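Asks:
4 protein chains.
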Amino acid sequence: MDDARGRVGRPRSEQARVAVLQAVDDLLVEIGYAAMTMKGIAERAGVGRQTVYRWWSTKAEILFEAGAADAEQELAIEPAGSPLDDLTAYLEALVRFLWRSPAGAAYRALLGEAQHDPAVAELLAGKDILGDSARVVIERALPDSRMPIERATALLIGPTFFWVLSGRDPAGLDARTLAEDFLRQV
Amino acid sequence: MDDARGRVGRPRSEQARVAVLQAVDDLLVEIGYAAMTMKGIAERAGVGRQTVYRWWSTKAEILFEAGAADAEQELAIEPAGSPLDDLTAYLEALVRFLWRSPAGAAYRALLGEAQHDPAVAELLAGKDILGDSARVVIERALPDSRMPIERATALLIGPTFFWVLSGRDPAGLDARTLAEDFLRQV
Amino acid sequence: MDDARGRVGRPRSEQARVAVLQAVDDLLVEIGYAAMTMKGIAERAGVGRQTVYRWWSTKAEILFEAGAADAEQELAIEPAGSPLDDLTAYLEALVRFLWRSPAGAAYRALLGEAQHDPAVAELLAGKDILGDSARVVIERALPDSRMPIERATALLIGPTFFWVLSGRDPAGLDARTLAEDFLRQV
Amino acid sequence: MDDARGRVGRPRSEQARVAVLQAVDDLLVEIGYAAMTMKGIAERAGVGRQTVYRWWSTKAEILFEAGAADAEQELAIEPAGSPLDDLTAYLEALVRFLWRSPAGAAYRALLGEAQHDPAVAELLAGKDILGDSARVVIERALPDSRMPIERATALLIGPTFFWVLSGRDPAGLDARTLAEDFLRQV
DNA sequence: GTGTAATCGAGACGGTACGTCCTGTCTTCGG
DNA sequence: CCGAAGACAGGACGTACCGTCTCGATTACAC
Numbered sequence: 001m002d003d004a005r006g007r008v009g010r011p012r013s014e015q016a017r018v019a020v021l022q023a024v025d026d027l028l029v030e031i032g033y034a035a036m037t038m039k040g041i042a043e044r045a046g047v048g049r050q051t052v053y054r055w056w057s058t059k060a061e062i063l064f065e066a067g068a069a070d071a072e073q074e075l076a077i078e079p080a081g082s083p084l085d086d087l088t089a090y091l092e093a094l095v096r097f098l099w100r101s102p103a104g105a106a107y108r109a110l111l112g113e114a115q116h117d118p119a120v121a122e123l124l125a126g127k128d129i130l131g132d133s134a135r136v137v138i139e140r141a142l143p144d145s146r147m148p149i150e151r152a153t154a155l156l157i158g159p160t161f162f163w164v165l166s167g168r169d170p171a172g173l174d175a176r177t178l179a180e181d182f183l184r185q186v
Numbered sequence: 187m188d189d190a191r192g193r194v195g196r197p198r199s200e201q202a203r204v205a206v207l208q209a210v211d212d213l214l215v216e217i218g219y220a221a222m223t224m225k226g227i228a229e230r231a232g233v234g235r236q237t238v239y240r241w242w243s244t245k246a247e248i249l250f251e252a253g254a255a256d257a258e259q260e261l262a263i264e265p266a267g268s269p270l271d272d273l274t275a276y277l278e279a280l281v282r283f284l285w286r287s288p289a290g291a292a293y294r295a296l297l298g299e300a301q302h303d304p305a306v307a308e309l310l311a312g313k314d315i316l317g318d319s320a321r322v323v324i325e326r327a328l329p330d331s332r333m334p335i336e337r338a339t340a341l342l343i344g345p346t347f348f349w350v351l352s353g354r355d356p357a358g359l360d361a362r363t364l365a366e367d368f369l370r371q372v
Numbered sequence: 373m374d375d376a377r378g379r380v381g382r383p384r385s386e387q388a389r390v391a392v393l394q395a396v397d398d399l400l401v402e403i404g405y406a407a408m409t410m411k412g413i414a415e416r417a418g419v420g421r422q423t424v425y426r427w428w429s430t431k432a433e434i435l436f437e438a439g440a441a442d443a444e445q446e447l448a449i450e451p452a453g454s455p456l457d458d459l460t461a462y463l464e465a466l467v468r469f470l471w472r473s474p475a476g477a478a479y480r481a482l483l484g485e486a487q488h489d490p491a492v493a494e495l496l497a498g499k500d501i502l503g504d505s506a507r508v509v510i511e512r513a514l515p516d517s518r519m520p521i522e523r524a525t526a527l528l529i530g531p532t533f534f535w536v537l538s539g540r541d542p543a544g545l546d547a548r549t550l551a552e553d554f555l556r557q558v
Numbered sequence: 559m560d561d562a563r564g565r566v567g568r569p570r571s572e573q574a575r576v577a578v579l580q581a582v583d584d585l586l587v588e589i590g591y592a593a594m595t596m597k598g599i600a601e602r603a604g605v606g607r608q609t610v611y612r613w614w615s616t617k618a619e620i621l622f623e624a625g626a627a628d629a630e631q632e633l634a635i636e637p638a639g640s641p642l643d644d645l646t647a648y649l650e651a652l653v654r655f656l657w658r659s660p661a662g663a664a665y666r667a668l669l670g671e672a673q674h675d676p677a678v679a680e681l682l683a684g685k686d687i688l689g690d691s692a693r694v695v696i697e698r699a700l701p702d703s704r705m706p707i708e709r710a711t712a713l714l715i716g717p718t719f720f721w722v723l724s725g726r727d728p729a730g731l732d733a734r735t736l737a738e739d740f741l742r743q744v
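Chains as they are written, first to last, in the numbering used here: chain A, 1 to 186; chain B, 187 to 372; chain C, 373 to 558; chain D, 559 to 744.
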């Protein structure tokens with residue numbers, strides 16, 4: 001309705017849109033975030049640069065759109081029977097996401113950029129990928145907890161988040177132990 | 187010793203060194219990390235660009251040298267009497283550092299860059315500012331703990347670290363509560 | 373006939389045609405030839421770009437169509453009684469045309485473009501605005517001359533043409549003197 | 559002296575300067591004035607674009623510097639014995655220059671551009687290539703003429719100039735006849 | 001003192017990405 | 001089929017910064 005009314009002119013090309021998102025995905029793996037350029041994205045996608053700028057302002061925006069869906073899916077956990085198993089499975093997924101997954105690499109790059117670029121910070125603030133995924137798990141595992149969900153989230157995610165982002169080797173992490181630690185607090 | 191050997195030629199100018207470090211400090215506050223350039227640093231310092239490149243490879247290196255001493259000092263806590271008070275004071279200092287301090291801004295910028303730049307990651311790995319400061323406090327407050335210090339560090343720092351870096355408002359944090367949570371685990 | 377055959381569909385819009393020609397006239401005065409673009413012309417005329425391209429290939433073509441009629445009229449001189457007066461009047465008109473008239477500005481722009489663009493050269497070759505106007509005057513003033521008309525044309529127009537196009541100030545020209553010079557040769 | 563005093567920084571590269579001028583000369587012949595771009599010139603010269611922009615503002619300026627010396631030389635005529643021979647030789651050189659010479663093509667392109675670009679007009683006004691060369695010949699051939707040199711110049715050059723620039727075939731020109739016509743006026 | 005040598009500020013060098021603009025084509029809807 | 005609108009791929013624009021390179025000038029140590 002909002003879309004179909006007074007539309008005039010050539011409509012946006014879906015083909016160009018997915019080509020750009022795919023190019024960003026590929027380039028992130030091949031050359032990394034820092035080496036990615038708007039020019040390079042456009043060329044890789046076989047798309048004019050103006051077309052890229054018409055729909056996204058920065059490579060951060062494209063990366064966000066390209067990675068958000070994957071991220072959400074990778075952090076969604078099947079119920080595992082017990083609270084401890086649930087939390088363990090989630091923390092394992094979190095490590096996998098942050099450490100190895102392309103979507104996680106994108107997330108870390110964006111979060112890094114957000115530390116010194118308010119525009120990116122705002123972009124990330126619009127969709128709290130980690131917090132949302134953790135809330136689902138916590139509410140399922142501890143429906144009766146009286147701890148505010150925000151604080152519980154930080155306690156659950158924080159240690160792993162710090163461990164990975166500060167460059168420590170995730171091999172030194174044990175998800176089950178962390179889950180047990182968490183249950184002792186909450 | 188390293189310096190006194192058969193050195194010949196004009197020695198490094200201490201004046202140029204501090205001018206560069208000062209310029210980086212100033213520019214970080216004035217224009218932010220992303221907008222800082224090697225060219226801009228050299229001009230602000232009144233120094234030739236070659237002189238900058240001669241002693242540092244990247245702006246990350248300069249920033250690191252400029253901020254490390256401040257960071258260490260801001261995270262060093264006087265013994266406060268009780269373990270809970272000690273830990274609370276440390277977490278308060280940590281929030282101040284990450285959230286408001288220029289040195290903390292530098293640290294966050296570097297940590298962000300480290301997520302997609304291995305050279306910066308290595309730089310940070312060389313000096314574990316957060317981990318070192320936390321270890322001191324933990325060993326003082328809990329001399330008898332049998333939990334590995336690395337894990338204890340992650341449990342202590344993690345929630346606050348995640349809270350701030352993910353863009354949440356530190357006003358929602360309560361250091362004493364977090365310290366109590368921590369003591370329940372360890 | 374050409375028009376009356378089995379034409380089908382919406383006929384060419386006269387309104388669009390004159391809007392484009394008017395836009396070109398306006399833009400030539402307002403921003404000059406070099407700054408004119410096909411995009412700008414279409415927008416100024418309130419016309420689709422495709423409509424412009426459908427009927428003209430280049431801005432030179434539009435400008436030519438827009439200025440030709442004016443040029444012809446500005447260079448047509450009423451008989452003035454004597455050959456000398458006729459020629460003087462013509463040379464004065466020529467200076468006015470080349471120096472101040474919008475149509476003259478268009479002509480000079482096109483002639484300039486023709487020096488490095490064969491397509492424009494061919495366009496101008498199709499209608500010899502200056503030569504045709506001079507021939508009329510010369511044949512009227514000197515019906516018995518045995519000098520080839522082409523050479524006479526060059527002798528009459530050349531000095532003024534050179535003067536103006538090489539950027540000299542037309543104030544330094546005296547049409548009557550030039551007419552006398554011309555009569556001495558022919 | 560003026561140059562050698564307080565110079566600081568790396569001096570301008572003569573090698574880059576001649577590479578650019580040579581590239582412009584080549585490109586003018588190969589692809590023509592209109593198709594020449596600053597980007598193309600820089601690439602052809604194996605030079606950074608900034609280097610081109612540092613020393614010249616427009617392709618017109620480069621072309622002017624590249625062609626001026628050639629033009630001057632091509633229009634300098636050896637004394638031929640008689641005024642008529644002198645003037646004939648000059649007019650023949652003028653036709654050669656305007657019609658066939660690469661330097662002449664450059665001149666025509668610049669003169670064309672000058673018709674709608676005041677910056678180029680000013681550039682050409684700074685060095686009156688045609689006028690200067692004609693003055694030399696006229697003053698040598700007619701040392702006692704009382705006609706102002708500017709007017710004599712226009713009478714001498716004008717017809718040929720008009721003939722060539724308006725796209726007429728120079729085969730139809732006869733230099734000796736034009737020289738005779740000129741002598742009849744002056 | 002007189003080299004010798006590494007430093008300094010300055011600024012030009014060849015490159016490359018930036019974000020904008022225009023090109024000429026295309027794809028939509030409405031007359 | 002024409003027309004307005006506007007997105008498309010492409011490519012030049014002029015600018016900024018990259019990291020390197022030459023300059024002349026300075027400043028130490030070794031002779």
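Ideal Cβ positions, reconstructed from N, Cα and C, are used throughout, including at glycine. Keep in mind the model is a prediction, meaning the values are calculated, not measured.
Give me the Cα-Cα distance between Ala-497 of chain C and Gly-725 of chain D, rounded to the nearest whole angstrom.
Replies: Computed Cα separation, rounded: 7 Å.
Asks: Going by C-alpha to C-alpha distance, which of C:Ile-501, C:Val-392, C:Leu-400, C:Leu-550 sits closest to Trp-427 of chain C?
Replies: Among C:Ile-501, C:Val-392, C:Leu-400, C:Leu-550, the Cα nearest to that of Trp-427 of chain C is on C:Val-392.
Asks: Indicate whether at least one CB of chain C lies closer than 9 Å to the CB of Gly-716 of chain D.
Replies: Gly-716 of chain D counts as touching chain C.
Asks: Quick check: Ala-350 of chain C and Gly-439 of chain C, are their CB atoms within less than 9 Å of each other?
Replies: Since the first residue of chain C shown is 373 and the last is 558, residue 350 of chain C is not available in this structure.
Asks: List the endpoints of the continuous alpha helix (DSSP H) containing Gly-290 of chain B.
Replies: Taken as a continuous stretch (DSSP letters only), the alpha helix (DSSP H) holding Gly-290 of chain B covers 288 to 300.
Asks: State the start and end residues of the unbroken alpha helix (DSSP H) segment that holds Tyr-648 of chain D.
Replies: Start and end: 641 to 657.
Asks: Rounding to the nearest angstrom, what Cα-Cα distance links Leu-351 of chain B and Ala-114 of chain A in this structure?
Replies: Each residue's alpha carbon lies about 9 Å from the other.
Asks: Give the interface partners of Ser-13 of chain A over in chain B, defined as CB-CB distance under 9 Å, in chain order.
Replies: None at all; the shortest Cβ gap to chain B is about 30 Å.
Asks: Compute the Euclidean distance between the alpha carbons of Arg-12 of chain A and Glu-415 of chain C, then round it to the nearest angstrom.
Replies: Using only the alpha carbons, I get a separation of about 21 Å.
Asks: Quick one: is Thr-646 of chain D near chain C, going by C-beta distance under 9 Å?
Replies: Cβ-Cβ to chain C under 9 Å: no for Thr-646 of chain D.
Asks: The alpha helix (DSSP H) spanning Glu-630 of chain D covers which residue range?
Replies: Counting along the chain, the alpha helix (DSSP H) containing Glu-630 of chain D begins and ends at 617 to 632.
Asks: Starting from Ser-331 of chain B, trace the alpha helix (DSSP H) both ways and give me its first and last residue.
Replies: Where Ser-331 of chain B is concerned, there is no enclosing alpha helix (DSSP H), given that its DSSP letter is neither H nor E.
Asks: When the Cβ atoms of the stretch 84 to 104 of chain A are set against those of the stretch 134 to 151 of chain A, are three or more pairs found closer than 8 Å?
Replies: Judged by Cβ distances under 8 Å, the stretch 84 to 104 of chain A makes contact with the stretch 134 to 151 of chain A, as three or more pairs qualify.
Asks: Taking Cβ-Cβ distances below 8 Å as the criterion, which residues of the stretch 662 to 689 of chain D are in contact with chain C?
Replies: The stretch 662 to 689 of chain D vs chain C, Cβ under 8 Å: Ala-663, Arg-666, Ala-667, Leu-669, Gly-670, Glu-671, Ala-672, Gln-673, His-674, Asp-675, Ala-679, Leu-682, Ala-683, Asp-686, Leu-688, Gly-689.
Asks: Hey, Ala-257 of chain B and Ala-289 of chain B: beta-carbon distance below 9 Å or not?
Replies: A contact, by the Cβ cut-off of 9 Å.
Asks: If you measure between the beta carbons of Asp-565 of chain C and Arg-523 of chain C, is that distance less than 9 Å?
Replies: What the structure shows of chain C is the stretch from 373 to 558, and residue 565 of chain C is not part of that stretch, so it cannot be assessed.
Asks: Is the shortest distance between the beta-carbon of Asp-584 of chain D and the beta-carbons of chain C less than 9 Å?
Replies: False, the Cβ-Cβ gap to chain C never drops below 9 Å.
Asks: Excluding the 5 residues flanking Ala-231 of chain B on each side, which residues of the same chain have their C-beta closer than 6 Å to its C-beta?
Replies: Excluding sequence neighbours, Ala-231 of chain B sits near Ala-205, Val-206, Ala-209.
Asks: So the candidates are B:Ser-243, B:Val-194, B:Pro-356, B:Pro-269; which of them puts its Cα closest to the Cα of Pro-329 of chain B?
Replies: Taking only the C-alpha atoms, the option nearest Pro-329 of chain B is B:Pro-269.
Asks: Sort C:Leu-482, C:Ile-529, C:Tyr-462 by Cα distance to Glu-433 of chain C and report the nearest one.
Replies: The shortest C-alpha separation from Glu-433 of chain C is found at C:Leu-482.
Asks: Taking 9 Å as the CB-CB cut-off, is Pro-598 of chain D touching chain C?
Replies: Reading off the sequence, residue 598 of chain D comes out as Gly, not Pro. By this cut-off, Gly-598 of chain D is not an interface position.
Asks: Counting only beta-carbon atoms, is Ser-133 of chain A nearer than 9 Å to chain B?
Replies: It does not; no Cβ of chain B falls within 9 Å.
Asks: Name the chain D residues whose beta carbon is nearer than 8 Å to that of Gly-439 of chain C?
Replies: Here the premise fails: no neighbours, minimum Cβ distance about 13 Å.
Asks: Please name the residue in B:Gln-259, B:Gln-201, B:Asp-212, B:Leu-261 whose C-alpha comes closest to that of Gly-234 of chain B.
Replies: Closest option to Gly-234 of chain B, Cα to Cα, is B:Gln-201.
Asks: Using the C-alpha atoms, what's the distance from Ser-517 of chain C back to Pro-728 of chain D?
Replies: If you take the alpha carbons of Pro-728 of chain D and Ser-517 of chain C, they lie about 23 Å apart.
Asks: For the candidate residues B:Lys-313, B:Met-222, B:Glu-264, whose alpha-carbon lies nearest to that of Lys-245 of chain B?
Replies: Nearest option by C-alpha distance: B:Met-222.
Asks: On a Cα-Cα basis, can you pick out the residue from D:Leu-714, D:Leu-621, D:Gly-590, D:Lys-685 that is closest to Tyr-648 of chain D?
Replies: Here the closest residue by C-alpha is D:Leu-714.
Asks: Start and end of the alpha helix (DSSP H) containing Glu-14 of chain A?
Replies: Glu-14 of chain A -> alpha helix (DSSP H) spans 14 to 30.
Asks: Once the 5 residues before and after Trp-657 of chain D are set aside, which same chain residues still bring their CB inside 6 Å of it?
Replies: Once the five neighbours on either side are set aside, the close Cβ partners of Trp-657 of chain D are Val-722, Pro-728.
Asks: Would DSSP call Arg-565 of chain D helix, strand or coil?
Replies: Coil.
Asks: Can you pull the chain B neighbours of Trp-163 of chain A, defined as C-beta to C-beta under 8 Å?
Replies: What Trp-163 of chain A touches in chain B: Ala-340, Gly-344.
Asks: Check this for me: beta carbons of Ala-340 of chain B and Thr-160 of chain A, under 9 Å apart or not?
Replies: Their beta carbons are under 9 Å apart, which means Ala-340 of chain B touches Thr-160 of chain A by this criterion.
Asks: Could you tell me whether the Cβ atoms of Leu-261 of chain B and Leu-316 of chain B are closer together than 9 Å?
Replies: Yes, these two residues count as a Cβ contact at 9 Å.
Asks: Counting along the chain, where does the alpha helix (DSSP H) carrying Thr-346 of chain B start and finish?
Replies: Thr-346 of chain B -> alpha helix (DSSP H) spans 335 to 351.
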